[in-house]
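A short write-up of the structure that comes next.
Protein chains in written order, with my numbering: chain A, 89 to 200; chain B, 38 to 149.
Structure below.
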């Protein structure tokens, strides 16, 4: 069965520090993987996606993620956190038939 | 343009009311989705429409009734809701298959 695990329900970093949000997946087919960001009282916005092309994927707002098949991971990183990055982040795997399996989410806080 | 619009933004209704949520996309996407999201949780899939036909109903109570009048519009009719149905209702669309889902801003529903 397909699943997504996000390690850490809450991550706190200082402004300017590295952001690392962890995502591990389980998929019986080559995975399509996504990172979404959700700001308070808003919908989900696509940050980036992996669909079996380059393993290092660059997204919006300076975020990137690396697909590592051997580790079944798709961790999200940003070299330097900004106050505006504070939000909820969801990793998801597409399993076909229109179904997205979401992780439980990681809330990112950025301290001044 | 990757915009999905939803109306209304906020809705308060009593348990005996009938109301409808509306969703619209003009990206030519063939699949549209309704999700329910509780605070601090990932979205939960409710319904999937593919080519204007209901393809997935995730065992949603009959007090929620979806409708897809055409390829650009998706409605969710609400009747006799319970307070536990209070949540953020998100609409999404995608080209279909395992492709990216684009989310609307959501309707914040409060059932009294």
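Cβ atoms here follow ideal geometry from the backbone N, Cα and C, with glycine treated the same way.
Whether residue i touches residue j by CB criterion (7 Å)
i                      : j                      : result
residue 133 of chain A : residue 115 of chain A : no
residue 153 of chain A : residue 103 of chain A : no
residue 33 of chain B  : residue 48 of chain B  : Limits of chain B in this structure are 38 at one end and 149 at the other, which puts residue 33 of chain B out of reach.
residue 177 of chain A : residue 109 of chain A : yes
residue 270 of chain A : residue 198 of chain A : Lying outside 89 to 200, the shown extent of chain A, residue 270 of chain A is not represented and no answer is given.
residue 194 of chain A : residue 107 of chain A : no
residue 175 of chain A : residue 125 of chain A : yes
residue 74 of chain B  : residue 113 of chain B : no
residue 228 of chain A : residue 67 of chain B  : The first residue shown for chain A is 89 and the last is 200, placing residue 228 of chain A beyond what the model contains.
residue 131 of chain A : residue 127 of chain B : yes
residue 141 of chain B : residue 60 of chain B  : yes
residue 139 of chain A : residue 155 of chain A : no
Which residues DSSP lists as bridging residue i, in chain order
i                      : result
residue 166 of chain A : A/107
residue 70 of chain B  : B/85, B/129
residue 50 of chain B  : B/148
residue 178 of chain A : A/124
residue 151 of chain A : Looking at the DSSP assignment, residue 151 of chain A forms no beta bridge with any residue, so it has no partner.
residue 110 of chain B : B/61, B/107
residue 94 of chain A  : A/111
residue 133 of chain A : A/125
residue 145 of chain A : A/153
residue 99 of chain A  : A/196
Candidates the options: closest to residue i by CA position
i                      : options                    : result
residue 111 of chain B : B/122, B/123, B/52, B/131  : B/131
residue 118 of chain A : A/174, A/158, A/130, A/194 : A/158
residue 90 of chain B  : B/64, B/78, B/109          : B/109
residue 40 of chain B  : B/138, B/115, B/62, B/50   : B/62
residue 113 of chain A : A/93, A/101, A/124         : A/93
residue 56 of chain B  : B/98, B/77, B/44           : B/44
residue 98 of chain B  : B/144, B/84, B/88, B/129   : B/84
residue 136 of chain A : A/192, A/163, A/187, A/101 : A/163
residue 95 of chain A  : A/161, A/186, A/145        : A/161
residue 115 of chain B : B/107, B/100, B/129        : B/100
residue 138 of chain B : B/64, B/102, B/54, B/50    : B/64
residue 46 of chain B  : A/97, A/101, A/129         : A/129
residue 97 of chain A  : B/79, B/69, B/42, B/50     : B/79
residue 103 of chain B : B/42, B/69, B/50           : B/69
residue 95 of chain B  : B/129, B/133, B/72, B/54   : B/72
Proximal residues to residue i (C-beta, below 8 Å), its chain only, five neighbours per side dropped
i                      : result
residue 52 of chain B  : 117, 118, 119, 120, 148, 149
residue 171 of chain A : 103, 198, 200
Own chain residues within Cβ distance below 6 Å of residue i, not counting five before or after
i                      : result
residue 166 of chain A : 107, 150, 151
residue 16 of chain B  : Lying outside 38 to 149, the shown extent of chain B, residue 16 of chain B is not represented and no answer is given.
residue 200 of chain A : 103
residue 179 of chain A : 92, 94, 111, 123, 191
residue 105 of chain B : 86, 89, 111
residue 122 of chain B : 148
residue 147 of chain A : 135, 136
residue 105 of chain A : 169
Neighbourhood of residue i by C-beta distance below 7 Å, restricted to the same chain and skipping five residues each side
i                      : result
residue 187 of chain A : none
(request) Closer than 9 Å, Cβ to Cβ, to anything on chain A: give me those residues from the region 115–149 of chain B, in chain order. (result) Within the region 115–149 of chain B, the residues whose Cβ lies closer than 9 Å to some Cβ of chain A are 125, 127, 128, 129, 131, 133, 134, 135, 136, 137, 138, 139, 140, 141, 142, 143, 145, listed in chain order.
(request) Mind checking the region 112–130 of chain A against chain B and listing, in chain order, the residues whose C-beta falls within less than 8 Å of any C-beta there? (result) 120, 122, 124, 129, 130
(request) For the region 67–88 of chain B, enumerate the residues whose C-beta is nearer than 8 Å to any C-beta of chain A, in chain order. (result) Those residues of the region 67–88 of chain B that come within reach of chain A (Cβ to Cβ, closer than 8 Å) are 68, 70, 77, 78, 79, 80, 82, 85, 87.
(request) Output, in sequence order along the chain, the residues in the region 89–111 of chain B whose CB is closer than 8 Å to any CB in chain A. (result) 92, 93
(request) Could you please tell me which residues of the region 165–182 of chain A, in chain order, have their CB closer than 7 Å to any CB of chain B? (result) Correct list: 178, 182.
(message) Tell me which residues of the region 136–152 of chain A have at least one Cβ-Cβ distance to chain B shorter than 9 Å, keeping chain order.
(response) Cβ contacts with chain B: 137, 139.
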